[in-house]
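Below is one structure, written out as structure tokens; comments come after it.
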Amino acid sequence: MIKVIYIPSGNHAMALAGESLLERLHAAGAPIESVCRGNGACGTCIVEVEEGAESLSPAAPDECDMVKRRGGNDRCRLSCQAKLLSGTSGAVKLTQPVLRLARAERERAARAFQRVDWDHVESHPIFPEVFQEMGPILAGRYGSPVGEKHFFSTRAHEAIEKARQRAARAVGCAPEQILFLSGWAELALGLRILHGEGPVAGPEALFFPPMEMIVAGREILPWRFGASGVLDTDSFETSLARGASLVFCGSAIAGTGTRLPLARIAEAARRRRIPFGVDLSWSWSLEDIWQELSGAEASFVTLAPSLFGGPRGVIVLVLASGAGWPLPERGVEPALAAGAAAALEIAGAHRAAEGKRLAALRDSVESFWTEKLPGCDPWSRWAADRLPQAACLTFTAWNAEGLSSFLETAGVAVGGTFAGSRTDRVLRALGVDPLYAAGAATIWLGHENTEEEFSLGRDRILAAVKSFRAVVPTARPGLMPGTQAAAPRPATIEGELRAAYMDET
Ligand code: FES
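With the numbering used here, letter number 280 in the sequence shown gets 366, and the count goes up by one each step, no holes.
Quick look at the structure:
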């Protein structure tokens with residue numbers, strides 16, 4: 087006798103030679119349909135043989151045709167037609183291909199709806215270890231650190247002091263050099279107070295400039311870069327001589343691979359007794375940060391712990407020793423300070439491990455699009471100082487801001503720094519054609535991005551750009567410095583692109 091086993095439920099029945107699989111499956115209680123009552127005419131009794139096919143009668147041509155029409159593979163049989171052979175023993179194990187197909191369909195549908203987050207500048211997730219540090223304070227040791235001297239306030243104050251000491255140890259400075267601020271706006275306010283000025287600009291304009299900047303009274307003086315991406319120091323000195331009151335090196339340093347000779351800038355600022363600040367949140371390792379810091383001799387250094395896997399809404403400000411800046415430290419939640427300190431402590435190890443993985447993903451996405459999309463150029467040829475998690479590309483015949491909106495509907499979140507806010511303006515300052523610069527994008531991968539998310543996002547961006555080009559077929563060669571000249575393109579299409587997407591250049 088042979089055992090007939092229905093795999094999905096594990097039910098089984100014993101069979102004699104000559105009996106059909108359908109008969110024994112029904113005896114075992116398996117839910118196999120048989121609309122034509124075993125006449126081989128409907129195909130609803132189809133099963134897939136996982137094991138024991140040699141114990142079954144061979145399939146006739148009619149059965150093979152029906153199996154094919156039902157979408158079965160070469161292991162499938164009509165269970166009403168397959169009979170147990172004599173002289174065989176052991177087991178025949180069966181399943182329903184329809185179940186497998188349903189599972190594949192469910193997986194395909196889930197994949198289609200899966201959202202991918204490539205927005206790791208705007209919304210970096212907190213490391214679980216950091217969250218653990220914050221939890222007890224959020225839940226049990228809350229209180230205002232600047233309130234009355236009551237029990238809750240004292241505990242909160244102690245939590246901040248402890249965080250200050252931890253951050254100072256991680257950074258390698260004295261605790262009194264560390265200030266926790268509740269975000270960029272508070273830092274902007276403090277600096278305005280420091281300069282005895284009214285508002286010089288909104289905080290966004292002051293601390294997230296399209297480029298590095300020099301503040302001179304109410305004026306923000308842009309710096310210029312040479313074609314190689316290195317700061318033009320002549321233009322910097324000229325701007326500085328116009329009465330600058332603050333020099334701040336911000337985010338363009340990392341997003342585009344442009345390079346700033348920090349030590350020279352710091353020296354020029356010090357000669358003129360101008361405070362020099364630098365945001366080093368973008369450096370990839372703490373070692374790099376402190377190397378740059380010691381070379382630059384900055385008056386202050388800012389670190390956004392959200393970029394280290396810490397909490398958002400807090401800025402760690404490291405002051406030069408003895409700076410005595412009159413910045414108020416107000417409104418920082420003790421839990422945020424604890425999270426920031428923890429993030430600084432663990433950032434080095436996490437980033438060292440993640441750097442290699444993310445750089446490999448980045449290289450892979452860049453070569454994928456370069457190969458599949460004519461006119462898609464990575465910046466690697468000149469922006470050699472990119473961070474490992476930043477893929478920098480230009481999609482010609484496409485405005486990157488438009489692309490980021492389109493991607494939202496395709497389930498890929500790329501965030502505000504994908505395009506527009508910085509990268510294209512920096513490229514324009516480098517002398518790149520404005521239309522080309524408008525298609526520039528930087529993709530920020532994060533520590534929790536999986537390979538699957540990576541391939542999903544990669545394919546969806548490819549599809550998005552191809553769809554757009556099918557409507558507006560203006561793909562053209564790159565216009566990066568040192569590359570081939572622009573191919574002729576229809577003026578009307580370019581005009582449409584400019585009208586639709588570009589601001590005044
Ligand atoms: S029951 Fe209809 S083909 Fe088997």
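Beta carbons: idealized from backbone N, C-alpha and C, even for Gly.
Judged by their CB atoms, Val135 and Ile118 are not nearer to each other than the 8 Å cut-off.
Within the same chain, and ignoring the five residues on either side of Thr130 in sequence, the residues whose Cβ sits closer than 7 Å to its Cβ are Glu119, Ser120, Val121. Note that the segment 525 to 539 does not touch the segment 227 to 243; fewer than 3 beta-carbon pairs, one per stretch, sit closer than 8 Å.
It is roughly 29 Å from the alpha-carbon of Ala406 to the alpha-carbon of Glu215.
The set of residues with a C-beta under 7 Å from any non-hydrogen atom of the ligand FES comprises Leu108, Ser120, Val121, Cys122, Arg123, Gly124, Asn125, Gly126, Ala127, Cys128, Gly129, Thr130, Cys131, Met152, Leu164, Ser165, Cys166, Gln167, given in chain order. Asp449 is not bridged by DSSP to any residue. Taking 8 Å as the cut-off, the Cβ atoms of Cys166 and Pro183 do not count as close. Out of Leu164, Gly363, Arg110, the CA that lies nearest to the CA of Cys128 is found in Leu164.
In the structure shown, Trp530 falls within a strand segment according to DSSP collapsed to helix, strand and coil. With a 10 Å radius around the Cβ and a threshold of 16 neighbouring Cβ atoms, Pro420 comes out buried. Just so you know, the alpha carbons of Lys89 and Ser95 end up roughly 15 Å apart.
In this structure, the CA atom of Ser453 is about 19 Å from the CA atom of Val500.
The closest CA to that of Ala526, considering only Ala477, Ala445, Arg544, is found on Ala477. Put simply, the backbone Cα of Gly434 is about 16 Å away from that of Pro211. Beta-bridge partners of Gly363 (DSSP): Phe334, Phe386.
By the Cβ rule, the segment 216 to 224 counts as touching the segment 426 to 443, because three or more pairs are nearer than 8 Å. By the neighbour-count definition (other C-beta atoms within 10 Å, threshold 16), Thr324 is an exposed residue.
Here the alpha carbons of Pro460 and Ala271 stand approximately 42 Å from one another.
Here the alpha carbons of Gly399 and Arg227 stand approximately 19 Å from one another. Looking at Asp203, Ser175, Asn125, Ala99, the one whose alpha-carbon comes closest to that of Ser490 is Asp203. For Arg448, the CB contacts under 6 Å within the same chain, skipping 5 residues up- and downstream, are Ala477 in chain order. Within a 10 Å sphere around the beta-carbon of Thr495 sit fewer than 16 other beta-carbons, which makes this residue exposed.
In this structure, the straight-line span from the alpha carbon of Pro474 to that of Ala438 is close to 10 Å. Looking at the DSSP output, His98 sits in a beta bridge with Ile91.
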